[in-house]
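The next block holds one structure in the form of structure tokens; read it before the comments.
Numbering (the working numbering), first residue to last: 8 to 176.
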């Protein structure tokens, strides 16, 4: 689909440049810092699925990126897989989600850098967003800046507004 609907812009202020980095907090005081090139060096996976919004609309879209489970394996994050949750935050800190580890590890969950065969546009979360087909769009964090692991439920922007924390389909 050429005109992909934008499902929100919280955490999307400003245009990111080449200084963007993904900070992966393995544990307190131990942070892995990655570039988009580091992520693109992993095997690419493509999926097409019906993205669903809690507002009642859906849209079939093509996505490309790295499977989260491949990312975990490449960067030796096996100890973190034993935690119950993954938290993600935009670089500006204004949008944040928490997802349960089993949903993150299902094989279609992507750290996505392409949409419809092209680089991810700014309004869709450039340079990197989460695509997690077992969840509604409120859990698909755009513009990931920080990722961390926890046994306690991470803060979640929309859960704080009264939506279901898990937002599963």
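Ideal placement from N, C-alpha and C gives every residue a C-beta, glycine not left out.
All values reported here derive from a predicted model rather than from experimental measurement.
Shown here, residue 84 sits in coil according to DSSP, grouped into three states, outside any helix or strand. Taking residue 104 as the centre and dropping the five residues before and after it, the same chain places the C-beta of 95, 146, 148, 163 closer than 6 angstroms to its C-beta, in chain order. Shown here, residue 169 sits in coil according to DSSP, grouped into three states, outside any helix or strand.
The stretch 124 to 141 makes no contact with the stretch 76 to 84: fewer than 3 CB pairs, one atom from each, lie closer than 8 angstroms. Of the residues 62, 63, 78, the one whose Cα lies closest to the Cα of residue 46 is 78. Here residue 64 is exposed, its C-beta having fewer than 16 other C-beta atoms within 10 Å.
Classified as exposed, residue 176 has fewer than 16 neighbouring CB atoms from the shown chains inside 10 Å of its CB.
Cβ neighbours of residue 28 within its own chain (closer than 7 angstroms, five residues either side excluded): 40, 41, 42. The three-state secondary structure of residue 131, taken from DSSP, is helix. In this structure residue 125 is exposed. Its beta-carbon is surrounded by fewer than 16 other beta-carbon atoms within 10 angstroms. As the crow flies, the alpha-carbon of residue 142 is around 24 angstroms from that of residue 33. Residue 50 and residue 62 have their C-alpha atoms spaced approximately 33 angstroms apart.
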